[in-house]
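Here the sequence shown is numbered in the working numbering, starting from 3 and rising by one per residue. Here is the structure we will look at.
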Amino acid sequence: MKFYIETYGCQMNIYDSEIICSILLKSGFIKTSNLKKADIILLNTCSIREKPEKKIFNRFIKIKGFKKKNKKLKLGIVGCLATHYKKKLFEKLKFLDLIVGPDSYKKLPEMIKKLKNNNKEIDVRLANKERYTKIIPNGVRNGISAFISIMRGCDNMCTFCIVPFSRGREKSRNPNSILKECKLLYKKGYKEIILLGQNVDAYFWKKMKFFQLLELIAKTVPLMRIRFLTSYPSNITKNLLKVVKKYSNICKHFHLPLQSGSTRILSLMRRKYTVEEFLLIIKRIKKIIPDCSISSDIMTGFCTETQEDHRETIRIMNLIKFNFSFMFKYSSRQGTYAYRKLKDNVPNSLKISRLNEIIRLQKSHSFYRLKQNIGKIQEVLIEGISKQDEKSYYGRNYKNDIIVFTKNNSKIGSYKKVTIINSTFTTLIGEIIQ
Ligand code: SAM
3 MKFYIETYGC QMNIYDSEII CSILLKSGFI KTSNLKKADI ILLNTCSIRE
53 KPEKKIFNRF IKIKGFKKKN KKLKLGIVGC LATHYKKKLF EKLKFLDLIV
103 GPDSYKKLPE MIKKLKNNNK EIDVRLANKE RYTKIIPNGV RNGISAFISI
153 MRGCDNMCTF CIVPFSRGRE KSRNPNSILK ECKLLYKKGY KEIILLGQNV
203 DAYFWKKMKF FQLLELIAKT VPLMRIRFLT SYPSNITKNL LKVVKKYSNI
253 CKHFHLPLQS GSTRILSLMR RKYTVEEFLL IIKRIKKIIP DCSISSDIMT
303 GFCTETQEDH RETIRIMNLI KFNFSFMFKY SSRQGTYAYR KLKDNVPNSL
353 KISRLNEIIR LQKSHSFYRL KQNIGKIQEV LIEGISKQDE KSYYGRNYKN
403 DIIVFTKNNS KIGSYKKVTI INSTFTTLIG EIIQ
């Protein structure tokens, strides 16, 4: 039986697709990248914001058309959208056969087989333990860089966020299985691992904290680059900073969501820091690791956000000048505290104009940060051929900036030293040092 999988959303969804591939391949299913040849099509999706959700529903409408040509074709939705809507998805999407939440992927082979009798199958139960400890992801990795999930779920209960409901409570993974996966990837020739978690720095296994796990990984695979995301601001400790500074194979980059530059809004969001505390965290990072790159997530138009709150966000962005940011307009999600108790009273047009304003500002900050690299010699991990110019490769430096440079006898997957000679708004231009 052939399966086809399409992935939407964050890195966690990409990783989950790798887990799903591994489970299905082990059970004898065959993966196809041709949607028309599939017996089952799976859409792995995220429910965090309204926009990606709409995209999925539109995609489903297109895909369901394939059922007319292939009467045996089955369609499934997996991931956090499944847990968000549960069986209501069957009502919303008439041709849907299968709904599976993020903690039930192990049941997929059995559930898919049952679909033969024209049953509809659903499992959206959330677990309180990591379910995929022994599964080595498979299928969509590029041979150079691989995600490793070290914790799932979230206990923070931010008022805007659906994650604690769609992915469940925090559950960390046994460090032995994480180390085993790191070693295996190294043996297979991978050069970089990206540790994933909703709040990666909340990792906790028996007495082991995140900084200890990170140090153990850095020592176990000293020739691999290690990146990690997403960090929750108030979990950044001195111990963590010391480990990041000490090991040259740990990238000097934190993804640290600010969300808003107004302490009033942060408190309404139930974030665990004030703006002043966030600025102190940045100061502490820069003191210990001066050349550290810091990126962020920022939202506009959260409930009751005034022009003054928005101006505060602009002020804080100007003070920090993040290397880059993911920026969103707030969308109210059913099931969250904000949906039930707070007023989503910022008009959509205002959410959008504020969003456009911060996008423009971030663009200038990214350019400012990128230009600081000009003249420096940096090590780049070559990831592939540049989309703009096939004579060039692209890769990343230790701060996660993208560098493009002429190939010059170098190989994809290798490390090379380059001199940074210029910068566009998004990319550094380098020259290989032979
Ligand atoms: N765990 C991270 C944290 O809270 O620090 C956030 C991870 S979340 C998967 C990614 C980002 O999506 C959030 O940082 C937030 O900016 C954005 N987001 C979450 N819920 C949202 C909502 N209801 N509307 C708009 N953006 C949202």
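Backbone N, C-alpha and C define an ideal beta-carbon position, used for all residues, glycine too.
Per-residue DSSP class, three states only, for residue i
| i | result |
| --- | --- |
| Asp346 | coil |
| Arg175 | coil |
| Gln261 | strand |
| Ser106 | coil |
| Gln336 | coil |
| Glu132 | coil |
| Thr315 | helix |
| Met210 | strand |
| Asp125 | strand |
| Gln200 | coil |
| Ile414 | coil |
| Arg154 | strand |
| Ile138 | coil |
| Ile238 | coil |
| Ile164 | coil |
| Lys401 | coil |
| Lys274 | coil |
| Val246 | helix |
| Glu307 | coil |
| Asn119 | helix |
| Lys221 | helix |
| Met159 | coil |
| Arg169 | coil |
| Gln13 | helix |
| Asn320 | helix |
| Tyr188 | helix |
Residue(s) in a DSSP beta bridge with residue i
| i | result |
| --- | --- |
| Leu37 | Answer is none; Leu37 lacks a bridge partner. |
| Tyr396 | Gly386, Val406 |
| Glu433 | Thr421 |
| Met329 | Ile300 |
| Thr426 | In the DSSP output, where bridge partners are listed per residue, Thr426 has none listed. |
| Ala148 | Ile195 |
| Glu8 | Leu45 |
| Ile380 | The sequence given here places Gln at residue 380; Ile does not occur at that position. The partner list for Gln380 (beta bridge, DSSP) reads Val420. |
| His255 | Ser295 |
| Arg229 | Ile196 |
| Ile32 | Lys4 |
Contact check, residue i vs residue j, beta carbons under 8 angstroms
| i | j | result |
| --- | --- | --- |
| Thr437 | Asn46 | What is shown of the chain runs 3 to 436, which leaves residue 437 out entirely. |
| Phe230 | Ile16 | no |
| Ile296 | Leu258 | yes |
| Arg171 | Gly155 | yes |
| Leu363 | Ile316 | yes |
| Ala220 | Ile252 | yes |
| Lys4 | Lys39 | yes |
| Arg273 | Cys160 | yes |
| Leu242 | Phe212 | yes |
| Leu357 | Lys331 | yes |
| Val102 | Ala84 | yes |
| Thr239 | Leu181 | no |
| Lys247 | Met226 | no |
| Gln138 | Leu100 | Residue identity check: residue 138 is Ile in the sequence provided, not Gln. Cβ distance not < 8 angstroms, so Ile138 and Leu100 don't count as in contact. |
| Ser298 | Val277 | no |
| Trp207 | Pro177 | yes |
| Ile146 | Leu198 | no |
| Asn144 | Ser24 | no |
| Gly78 | Leu27 | no |
| Ser19 | Ile32 | no |
| Cys294 | Lys244 | no |
| Ile300 | Leu260 | yes |
| Leu95 | Phe62 | yes |
| Glu381 | Asn402 | no |
| Gly81 | Pro104 | yes |
| Ser179 | Thr135 | yes |
| Ser49 | Ser168 | yes |
CB contact check: residue i to chain D, cutoff 8 angstroms
| i | result |
| --- | --- |
| Phe62 | In the structure shown, chain D does not exist; there is a single protein chain. |
Three Cβ pairs or more, each shorter than 8 angstroms: is that satisfied between the segment 340-354 and the segment 373-393?
At 8 angstroms Cβ cutoff, the stretches do not touch.
Identify every run of the beta strand (DSSP E) within the segment 44-105, keeping only runs that are complete inside it and at least 3 residues long; order them along the chain.
DSSP runs (the beta strand (DSSP E)) wholly in the segment 44-105: 76-81, 100-102.
Can at least three beta-carbon pairs, one atom from the segment 387-407 and one from the segment 419-434, be found at a separation below 8 angstroms?
They touch, by the three-pair rule.
Stretch pair the segment 414-432 + the segment 257-271: three plus CB contacts closer than 8 angstroms:
Contact between the segment 414-432 and the segment 257-271 is absent: fewer than 3 CB-CB pairs across the two stretches fall below 8 angstroms.
Can you confirm whether the segment 282-293 touches the segment 387-395 when touching is taken to mean that 3 or more C-beta pairs between the two stretches lie within less than 8 angstroms?
Inter-segment contact for the segment 387-395 and the segment 282-293 is absent: fewer than three beta-carbon pairs are separated by less than 8 angstroms.
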